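J.: This is the structure I want to talk about, given as structure tokens.
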Amino acid sequence: MYYPVSSILIEFLILSILEKEDSYGYEISQTIKIAADIKESTLYPILKKLQVAGFVSTYSREYQGRKRKYYAITPQGKGQIRYLESEWMTYKKTIDGIIEGSLRK
Numbered sequence: 001m002y003y004p005v006s007s008i009l010i011e012f013l014i015l016s017i018l019e020k021e022d023s024y025g026y027e028i029s030q031t032i033k034i035a036a037d038i039k040e041s042t043l044y045p046i047l048k049k050l051q052v053a054g055f056v057s058t059y060s061r062e063y064q065g066r067k068r069k070y071y072a073i074t075p076q077g078k079g080q081i082r083y084l085e086s087e088w089m090t091y092k093k094t095i096d097g098i099i100e101g102s103l104r105k
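Counting from 1, position 93 in the sequence shown corresponds to residue 93 in UniProt numbering; the numbering is continuous, with no gaps.
This is the structure in structure tokens:
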């Protein structure tokens with residue numbers, strides 16, 4: 001089952017993937033698809049946004065005679081992961097509280 005995800009969550013997932021190793025767009029999308037049904041038309045603008053923000057850098061590498069664009073996390077991107085992780089934990093705690101009944105309006 002897939003649930004809708006926000007672009008911020010997708011950013012967090014992308015940066016988390018890249019923190020482990022450099023990757024290319026299709027591979028990133030396939031990993032994210034384990035948890036969320038996203039389209040490449042959603043993924044690539046977010047990758048571009050992360051690049052413009054300085055959170056990822058890119059480089060090309062040849063693969064089977066074609067150039068493949070790889071993404072790598074930057075030091076700023078590692079800082080952004082820490083921020084997004086904090087936001088995720090707050091969100092998760094709130095959702096858990098609602099589900100467990102400890103948070104009520």
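Ideal placement from N, C-alpha and C gives every residue a C-beta, glycine not left out. Keep in mind it's a predicted model, so treat the numbers as computed, not measured.
According to DSSP, is Glu40 part of a helix, a strand, or is it coil?
T.: helix
J.: Go ahead and pull the three-state DSSP assignment for Glu62.
T.: strand
J.: With H, G and I counted as helix, E and B as strand and the rest as coil, what does DSSP make of Ser6?
T.: coil
J.: Whose C-beta lies closer than 8 Å to the C-beta of Tyr2 among residues of the same chain, with five residues either side of it excluded?
T.: Confidence at Tyr2 is low in this model, with a pLDDT of 48, below 50, so its placement is unreliable and the value that follows should be read with caution. Closer than 8 Å at the Cβ level, and outside the excluded window around Tyr2, lie Ala35, Ala36, Asp37.
J.: Just to confirm before moving on: does the CB-CB distance between Phe55 and Gly25 stay below 8 Å?
T.: no
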